[in-house]
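These notes are about the structure you will find just below.
Number of protein chains: 4
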Amino acid sequence: MSEEKANQYSLPTSAITNSSPSAYENWFEYPVRVYPHHTDYAGVVWHGTYMTWMEEARVEYLRTCGMNYADLVALGCDLLVVELSLRYHRSLRLGTTAILKTRMSELNGVRINFDYALESEDAKELYVTATVTLVAVDRERGKIMRQLPTSVKDALLKISNPMN
Amino acid sequence: MSEEKANQYSLPTSAITNSSPSAYENWFEYPVRVYPHHTDYAGVVWHGTYMTWMEEARVEYLRTCGMNYADLVALGCDLLVVELSLRYHRSLRLGTTAILKTRMSELNGVRINFDYALESEDAKELYVTATVTLVAVDRERGKIMRQLPTSVKDALLKISNPMN
Amino acid sequence: MSEEKANQYSLPTSAITNSSPSAYENWFEYPVRVYPHHTDYAGVVWHGTYMTWMEEARVEYLRTCGMNYADLVALGCDLLVVELSLRYHRSLRLGTTAILKTRMSELNGVRINFDYALESEDAKELYVTATVTLVAVDRERGKIMRQLPTSVKDALLKISNPMN
Amino acid sequence: MSEEKANQYSLPTSAITNSSPSAYENWFEYPVRVYPHHTDYAGVVWHGTYMTWMEEARVEYLRTCGMNYADLVALGCDLLVVELSLRYHRSLRLGTTAILKTRMSELNGVRINFDYALESEDAKELYVTATVTLVAVDRERGKIMRQLPTSVKDALLKISNPMN
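Chains as they are written, first to last, in my numbering: chain P, 16 to 179; chain C, 16 to 179; chain U, 16 to 179; chain V, 16 to 179.
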């Protein structure tokens, strides 16, 4: 494991038990491209940039099941990030295109988990894996909701079913 | 737990076993203030913003033990983020000041772990807790280092000792 | 002019002499969508966010004439922003889609000017107009180039001709 | 002018008629430091980053005359950026510290202009000059204000007087 390129380094842990690209076959796919503003002095994507792509992919994923995030906010419901974890497997260089794959992995009351895998277009390189947990918040009352609005729940169940 | 404000919501999990502020008493302190560019439509800090503060705090923390991060990079050594996890306990509003506390929690070969806790100035509110793992990379050869440069190791041992 | 919504305010100056959407008819078009990370506490796009979209549009515009920006950088040529100006006419809200239109307006030695207009999809609303000036820099020698590399010049002339 | 370093390039125009550092002697000073997240692949500050520092300096400058920006927003008044222009004279590298100097240069009804100059600590290097125009907006009614709230006007007059 000693001789990887920095932009191709492997995580020196047992971080990902099975990173076989096929594991992400039926996930929602969001294509990304690395522009200068995504990079840092090392010529690769700055580690915080991935969170912008994860958010964008999540919003688009929800849209595929009929949920417009801006509408949801306008109706008084926020989906707040309460937990987040990322593992960086390989760096992504300026100009590279890649596919950010995501799926809803758990729906537990008002808590929603999303898994992510950022892969090369040919699915042979794994750049980043991540997990995000959101909770539904009532914007006006300023409180975590006791249950999801029906429309949200129905939409989420629609995307969760293909996984099972 | 039902009546918190959204900007004061508690994480509905056993996320932090003991978030007693005193736990962070001897950590390095980096003050932050919320400017408009840190916020999102919800009027609170966007969840990815914390990573910029964590990086800044880490660089300043290393400086206190004589390690200038830009010099380290110029000498050919990068500290790459390979793992990152955050838990968001309470939201931070526009204009708020807070203290980001950090310490090096582990030094294992070329892997370095930092813990973080973002607290209110009076240490009564806990906003975010986080952990980051870095590895030292040889920039020119493009490889994870087999061992830390002596100067880096000495500096890190200097900051790790007060903890023990 | 007194009764506009804040998200529909008009610039109280003679900023744009003629903002007739038809002015941008043959410009390169780059679609954008407002995600949460683009917004600030006011619920609209933070004023600095537009610069990320302008950069992305510019890189894609150059690609249409066969110039891959990452390749250009790899070959040792940077296009550095040396001047920039923006006028904000209307705010863009969370979830909105819009079209960022751009064209190269001037090529003068190693200086290149790009004009921008961010419009609604139906071209009836004008959100932002902007101008950016870049200069070509030799990355290795660290100097402004005396002339553009031939490949760059040819590509730029290719996109500049349709305008004249 | 042909032999400057890219990180020390001069703007090949008559951009700044007189960039004598003494011109900024009595301006408000906001110190900045370049962290990795501020940089791009070229190893220098990404051109959009300066807008975050300009906003921070502006908020702190207003604070010196007793105006807390978050309070202003809470009271229903926003200061929206309507025009912005920057000139990039020299690039700022990772780890560099510099002083962002600002002053209110004009107060015209609800329009407020700020000038900026980013200089090295010894005031011998000029990195960026910029101008920003803001207008006061009534958040609730969603309209540009006809006149500034008295408290705002008084505060701004307080900072504008020392200039004259």
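C-beta atoms are modelled at their ideal positions from N, C-alpha and C, and glycine is treated no differently.
{"query": "Starting from G81/C, find everything on chain P with Cβ-Cβ shorter than 7 Å and list it in chain order.", "result": "Ordered by position in chain P, no residue passes the 7 Å Cβ test against G81/C, which lies about 21 Å from the chain."}
{"query": "Suppose the cutoff is 6 Å on Cβ atoms and the five residues either side in sequence are ignored; what does the same chain contact list for V47/C look like?", "result": "W68, A113, L115"}
{"query": "So, does the stretch 56-72 of chain U touch the stretch 54-69 of chain C, judging by three or more C-beta pairs under 8 Å?", "result": "yes"}
{"query": "In terms of DSSP beta bridges, what is E70/V paired with?", "result": "Paired residue(s): none; E70/V is not in a bridge."}
{"query": "Examine chain V for any beta-carbon lying closer than 7 Å to the beta-carbon of Y103/U, and answer yes or no.", "result": "yes"}
{"query": "For a contact meaning CB atoms closer than 9 Å, what does V74/P contact in chain U?", "result": "R48, Y50, P51, G110"}
{"query": "Quick check: what's the CA-CA separation for L141/P versus R108/P?", "result": "13 Å"}
{"query": "Under the three-state reduction of DSSP, which class applies to K139/C: helix, strand or coil?", "result": "coil"}
{"query": "Of all the CB atoms in chain P, is at least one closer than 7 Å to the CB of G67/U?", "result": "Here residue 67/U turns out to be Thr, not Gly, going by the sequence shown. Interface residue, yes."}
{"query": "Mapping DSSP to helix, strand and coil, what is P164/P?", "result": "coil"}
{"query": "So which residues of chain U does G58/C contact, with C-beta pairs closer than 8 Å?", "result": "Y56"}
{"query": "What is the residue span of the alpha helix (DSSP H) that D93/C lies within?", "result": "Element bounds for D93/C: not the alpha helix (DSSP H) but the beta strand (DSSP E), 92-103."}
{"query": "If you compare alpha carbons, which of N41/U, F43/U, M82/U is closest to R167/U?", "result": "For clarity, residue 167/U is Val in the given sequence; the question names Arg instead. It is M82/U."}
{"query": "Does the beta-carbon of T148/C have 16 or more other beta-carbons within 10 angstroms, so that it is buried, or is it exposed?", "result": "buried"}
{"query": "Starting from Y45/U, trace the beta strand (DSSP E) in both directions and tell me its first and last residue.", "result": "43-48"}
{"query": "When you compare the CB of W42/V with every CB in chain P, is at least one pair closer than 7 Å?", "result": "no"}
{"query": "Where do the ends of the beta strand (DSSP E) carrying L115/P lie?", "result": "112-123"}
{"query": "Opposite I127/V in the DSSP bridges: which residues?", "result": "L122/V, L149/V"}
{"query": "Judging by CA-CA distance, which residue of N128/P, K139/P, Y45/P, K158/P is the nearest neighbour of C92/P?", "result": "K158/P"}
{"query": "Given a cut-off of 7 Å on the beta-carbon distance, is the pair W42/U and H52/C in contact?", "result": "no"}
{"query": "Should T165/P and R102/P be called a contact, given that it needs their Cβ atoms to be closer than 7 Å?", "result": "no"}
{"query": "Checking 7 Å against the spacing of the C-beta atoms, do L87/U and A151/U come in under that value?", "result": "no"}
{"query": "Helix, strand or coil: which one does DSSP assign to E75/U?", "result": "helix"}
{"query": "What does a CB cutoff of less than 6 Å around A132/C pick up in its chain, not counting 5 residues either side in sequence?", "result": "Y39, K116, T144"}
{"query": "Apart from the five residues on each side of it in sequence, which residues of its chain come closer than 8 Å, Cβ to Cβ, to G110/V?", "result": "R48, V49"}
{"query": "Can you check which of these residues, A85/C, A72/C, M119/C, is closest to R154/C by C-alpha distance?", "result": "A85/C"}
{"query": "So what's A57/C in DSSP terms, helix, strand or just coil?", "result": "coil"}
{"query": "Can you find the residues in the same chain that come closer than 6 Å, C-beta to C-beta, to T64/P, ignoring five residues on each side of it along the sequence?", "result": "H53"}
{"query": "What does V88/C reach in chain V if we use C-beta pairs closer than 7 Å?", "result": "L109"}
{"query": "Inspect the beta-carbon positions of R73/U and F129/U and report whether they are closer than 7 Å.", "result": "yes"}
{"query": "Identify, in the order they occur along the chain, each residue of the same chain with its Cβ nearer than 7 Å to the Cβ of S120/P, setting aside the five sequence neighbours on each side.", "result": "N128, F129, D130"}
{"query": "Tell me the DSSP secondary structure of L107/V in three-state form.", "result": "coil"}
{"query": "Quick one: which chain U residues come within Cβ less than 9 Å of Y84/P?", "result": "Y50, P51, L109, G110"}
{"query": "Going by C-alpha to C-alpha distance, which of Y45/P, D169/P, E98/P sits closest to Y76/P?", "result": "Y45/P"}
{"query": "Looking at the unbroken alpha helix (DSSP H) that takes in A38/V, where does it start and where does it end?", "result": "Unbroken run through A38/V: none, as it is neither H nor E."}
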